[in-house]
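J.: For the record, the sequence lines run as chains A and B.
Residues in the first sequence are numbered from 2 upward in steps of one, following this note's numbering.
Residues in the second sequence are numbered from 855 upward in steps of one, following this note's numbering.
Built from N, CA and C at the ideal position, the CB exists for glycine as well.
So that we are looking at the same thing, I have put the structure below in structure tokens.
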Amino acid sequence: MSEPLRIMIVDDEAPARARLRDVLADCAADMALEVVGEAGTARDAVDVLAASPADVILLDIRMPEMDGIELAQHLQKLPQPPAIVFTTAYDAYAIRAFEVHAVDYLLKPIRASRLKEALQRAAPLRTPTPAALRELSKGAPAFLSAQERGRIHLIPVDDVVYLKAELKYVTVRTAAREYLIEDALARLEQEFGERFVRVHRNCLVARAAVRGFERATGEAEGHWLVLLEGCDEKLAVSRRQQHIVRELGRP
Amino acid sequence: MASINQNAYTSALPDFRNLGILLRMLLIVNVGAIGAAVVRAPTLAAAWTELVELSAVVQPIFIVILLALVALARFLRRLPFALGAVAVAALAVGITLGLIDVMEHTYLRDQTLGGSPYRHGLLALLTTVMLLVYFDLRGRALSPAIAEARLQALQARIRPHFLFNSINAVLSLIRQDPRRAEGALEDLADLFRVVMGDNRELSPISREIELCRQYLDLEQLRLGDRLKVVWRIDKMPPDALIPPLLLQPLLENAVYHGIEPRVEPGEICIDIYTLRNRLHAVLRNPYSREGDHHAGNKMALGNIRERLQLHFDAEATLDTRVGEDSYQVHIVLPYVKGSEAKA
């Protein structure tokens, strides 16, 4: 074997990471591998991965804030997504689904022999299919993700002010900046349901970010504009969606 | 192996000091009185007057009988069931006849109660027999459930999730810190000894607290600084008896729903005290509505409610309160002292 397999460990529990390191050290006797990174949260994982790319991620499923399934979904946007081997102590639901979709998983406590098997299988790079991951995820994700120059940016859905459809992309606006994501507005609207409200054919606004409405002046006179929290832009409300002015306008 | 026959039902008088039993008697006697009033009165309006008149006789008698039963409860429970039942019936009939005699010579002088005193005596006897039969049947109906309570304790049990994660954490310690690994395995053994043991009898709260500490130590191993625990138990009577595994499953919920879904550290607060001869246990943990699935939670709570009811009937309560960012379980149960329960 030429290049050693680059492995990253993601688990919210420190002892679980320590255990994996030990077991990987045992495996290293038989196969070329190196642990290139470790993270305790999905957000850290994205940063660590940007700094030191990995071939395989050993990814815990149950983690706070963002679970392993959602992280795997975001990581698929990388130009060269790493292979993913899920780890879990007990999750009857997930295990059944893994079997159905032939997704790699390891049950904790993890044996060196099983780990070695999984890594050898993962070596030609296996990533779970997007369809399988979608089916495995429970409820709406907590983050949106944008891929920029080979790394993933995670955008907490709570921070999103509005989503605007451009030609091929959707612009995600937060108080801090803008991101472009490859997605469809209709799908996002369906996924997040009540959290966003459609103000225009090409625009969804976070309900929580609506500060008020005002009448437009000048050429678009008579139209309503949405005023937003944390962002100075004013977005036009289309004639068809005028009813939301009444629904949201009065506290 | 303990066989299930060990739990075969033996008839026993109800515990007359139990609030639930008293309430049931009160309800049954009063429904009976209302029924009698409706049957005797020609119209529905007249039934009300009838009921008031009937109550003037029935209620004082009934209350005196209840007081007598409460006072003699301990003595009656010690008698064999048949003798105890006869004693209760005799007490009821005696008090009825005696009080009616007194009433007829005092405030009921102008009214006629109608019929011979034997009629009232017979009515009292029938009511008593009916109530005793009812309580006996209820006892029979509930008794398999007591045998089941042990099984349920197993059901409520420790989450498999916790077991495997703990074993994993211990494994990680074996190479680096063998001593800590030993301690953790000992805690795990103690925990499972209780979970798999016989949990039908009440046990001292101090033992439960010990168990909870062992459980939390194990969780601490995995979660480290993320788990903070505050004990407020200096006002707890260590001799109080509670159903075993009453608090541990609640702490498990608190960790699973309150601490694990958070990145930041969270605090679990355990407050145990007595107030007016009742034992209060309040557990509080951080909680956010988002991203939580409750099924396991409801199961543990349902299980604990059921066991509380089996042990204390209406005298124990379990309330939950979901606050803005916290979740609280409040249990109130009678303060049973260690020595008393054996008597």
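Ignoring anything shorter than 3 residues or poking outside the region 915-973 of chain B, list the beta strand (DSSP E) runs there in chain order.
T.: Listed in chain order, there is nothing to give.
J.: Name the DSSP beta bridge partners of B:T1174, please?
T.: DSSP lists B:V1183 as partners of B:T1174.
J.: Are the C-beta atoms of B:H1015 and some chain C residue less than 7 Å apart?
T.: Included in the structure are the protein chains A and B, with no chain C among them.
J.: Counting only runs that start and end within the region 96-140 of chain A, where is the beta strand (DSSP E) found for 3 or more residues in a row?
T.: With a minimum length of 3 residues, the continuous beta strand (DSSP E) runs that stay inside the region 96-140 of chain A are 106-108.
J.: Given A:A40, which residues of its chain have a CB within under 6 Å of its CB, disregarding the five upstream and five downstream residues?
T.: Within the same chain, A:A40 has close Cβ partners V11, A46 and V49.
J.: Inspect the CB distances between the region 128-138 of chain A and the region 84-97 of chain A and report whether three or more fall short of 8 Å.
T.: Yes, the region 128-138 of chain A is in contact with the region 84-97 of chain A.
J.: Check whether the Cβ atoms of A:L116 and A:T88 sit closer than 7 Å, and answer yes or no.
T.: Their beta carbons are not under 7 Å apart, which means A:L116 does not touch A:T88 by this criterion.
J.: Could you please give me the residues that DSSP links to A:D163 through a beta bridge?
T.: Note on identity: in this sequence residue 163 of chain A is Tyr, with Asp being the wrong assignment. Beta-bridge pairing links A:Y163 to A:R174 and A:V206.
J.: Would you please state the rounded distance, in angstroms, between the beta carbons of A:V162 and A:R174? I believe it to be under 8 Å.
T.: That pair is a contact at about 5 Å.
J.: In three-state terms, what does DSSP make of A:F87?
T.: DSSP places A:F87 in strand when its eight states are reduced to three.
J.: Given a limit of 7 Å on CB to CB distance, which residues of the region 86-109 of chain A reach chain B?
T.: Answer in chain order: A90, Y91 and K109.
J.: Taking DSSP as the reference, what is the three-state secondary structure of B:F870?
T.: It is coil, neither helix nor strand.
J.: Counting only beta-carbon atoms, is B:S865 nearer than 7 Å to chain A?
T.: Closer than 7 Å: no.
J.: Can you pull the chain A residues whose beta carbon is under 9 Å from the beta carbon of B:R1116, in chain order?
T.: Neighbours of B:R1116 on chain A, chain order: P65 and E66.
J.: Any residues in the region 3-37 of chain A with a beta carbon nearer than 7 Å to a beta carbon of chain B? Which ones, in chain order?
T.: Answer set for the region 3-37 of chain A: E14, A15, P16, A17, A19, R20 and D23.
J.: Roughly how many angstroms separate the alpha carbons of B:R1138 and B:L1099, rounded to a whole number?
T.: Their Cα atoms are separated by approximately 17 Å.
J.: Could you tell me which residues DSSP pairs with B:W1085 in its beta bridges?
T.: Per DSSP, B:I1124.
J.: In whole angstroms, give me the CA-to-CA distance for A:R247 and A:G231.
T.: Their Cα atoms are separated by approximately 22 Å.
J.: Which residue from B:L1075, B:G993, B:G948 and B:Q1030 puts its Cα closest to that of B:P971?
T.: Nearest option by C-alpha distance: B:G948.
J.: In whole angstroms, what separates the C-alpha of B:F1016 from that of A:R196?
T.: Their backbone Cα atoms lie some 34 Å apart in a straight line.
J.: Going by DSSP in three states, A:H224 sits in which element: helix, strand or coil?
T.: In this structure, A:H224 counts as coil in the three-state DSSP scheme.
J.: Are the region 200-208 of chain A and the region 148-166 of chain A in contact at 8 Å, needing three or more beta carbon pairs?
T.: Yes: at least three Cβ pairs fall under 8 Å.
J.: Straight-line CA distance for A:A141 to B:D990?
T.: Each residue's Cα considered, the two are about 54 Å apart.
J.: Considering only the beta carbon of each residue, do B:E1064 and B:L1101 sit closer than 7 Å?
T.: No. Outside cutoff.
J.: On a Cα-Cα basis, can you pick out the residue from A:Q77, A:H75, A:K78 and A:T42 that is closest to A:D61?
T.: With distances taken between Cα atoms, A:D61 lies closest to A:T42.
J.: Which runs of the alpha helix (DSSP H) spanning at least 4 residues fall entirely within the region 1017-1082 of chain B, listed in chain order?
T.: Taking only runs of at least 4 residues, the alpha helix (DSSP H) segments lying wholly in the region 1017-1082 of chain B are 1032-1050 and 1059-1077.
J.: Quick one: what's got a C-beta closer than 6 Å to A:A15's C-beta in the same chain, skipping five residues either side?
T.: Cβ neighbours of A:A15 beyond the five flanking positions: none.
J.: Short check: CB of A:A171 to CB of A:I182, under 7 Å?
T.: Residue identity check: residue 171 of chain A is Val in the sequence provided, not Ala. Closer than 7 Å, so yes.
J.: Is there at least one Cβ from chain A nearer than 7 Å to B:F1046's Cβ?
T.: So, not an interface residue.
J.: Could you run through the region 121-141 of chain A and flag, in chain order, every residue whose CB is less than 8 Å away from some CB of chain B?
T.: Cβ contacts with chain B: K139 and G140.
J.: List, in order along the chain, the chain A residues whose C-beta lies closer than 7 Å to that of B:G1037?
T.: Within 7 Å Cβ-Cβ: nothing; B:G1037 doesn't reach chain A, min ~14 Å.
J.: Does the beta-carbon distance from A:D56 to A:P82 come in below 7 Å?
T.: Not closer than 7 Å, so no.
J.: Which of helix, strand or coil does DSSP assign to A:M9?
T.: Looking at A:M9 - three-state DSSP - the assignment turns out to be strand.
J.: To test your reading of the DSSP string, which unbroken alpha helix (DSSP H) runs of 4 or more residues are found completely within the region 19-54 of chain A?
T.: DSSP runs (the alpha helix (DSSP H)) wholly in the region 19-54 of chain A: 43-52.
J.: Inspect the CB distances between the region 1077-1085 of chain B and the region 1037-1057 of chain B and report whether three or more fall short of 8 Å.
T.: No: fewer than three Cβ pairs fall under 8 Å.
J.: Name the DSSP bridge partner or partners of A:Q148?
T.: Beta-bridge pairing links A:Q148 to A:I153.
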